[in-house]
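Those letters in the sequence shown? Residues 1 to 96, per the working numbering, in order.
Take a look at the structure set out below.
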Amino acid sequence: MMQFRLRDAARRDLAEIWLTTAERWGIDQADDYVRALEDCLLRICDFPASYPNYEGCHGTFRKALSGEHLIFYRVGQQVIDVARILHNRMDVEDIL
Numbered sequence: 001m002m003q004f005r006l007r008d009a010a011r012r013d014l015a016e017i018w019l020t021t022a023e024r025w026g027i028d029q030a031d032d033y034v035r036a037l038e039d040c041l042l043r044i045c046d047f048p049a050s051y052p053n054y055e056g057c058h059g060t061f062r063k064a065l066s067g068e069h070l071i072f073y074r075v076g077q078q079v080i081d082v083a084r085i086l087h088n089r090m091d092v093e094d095i096l
């Protein structure tokens, strides 16, 4: 199984997702939601090519949906490089 690596921006995204969720729905829900995102990251490691490509102005990524968020990543030789974790309503082209 491959490992995943979160870029700094993806780490910030994950922290912001937890904080926003905790403020709106409580700590338990924030923990559950982030855990679901982490479970999706592990599924990506098992089956990295099973998610669709996303062609953007910053290159080609793969994207996976978890809850209300899209995980954008690239597949390397030994690692899944996670670029961003963004809400599905965001204009990802401007942010990626």
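Beta carbons: idealized from backbone N, C-alpha and C, even for Gly.
Neighbour-count burial assignment, residue i, 16 or more Cβ in a 10 Å radius
i, result
"R84", "buried"
"L86", "buried"
"S66", "buried"
"L70", "buried"
"T20", "exposed"
"F72", "buried"
"I80", "buried"
"I27", "exposed"
Per-residue DSSP class, three states only, for residue i
i, result
"D81", "strand"
"Y33", "helix"
"R7", "coil"
"R62", "strand"
"E68", "coil"
"R74", "strand"
Contact under 9 Å by Cβ, residue i with residue j
i, j, result
"L14", "V34", "yes"
"C57", "E93", "yes"
"R62", "N53", "yes"
"C45", "M90", "no"
"A9", "C40", "no"
Interface flag, residue i vs chain C, CB-CB below 9 Å
i, result
"G67", "Of the chains in the structure shown, none is chain C; there is only one protein chain."
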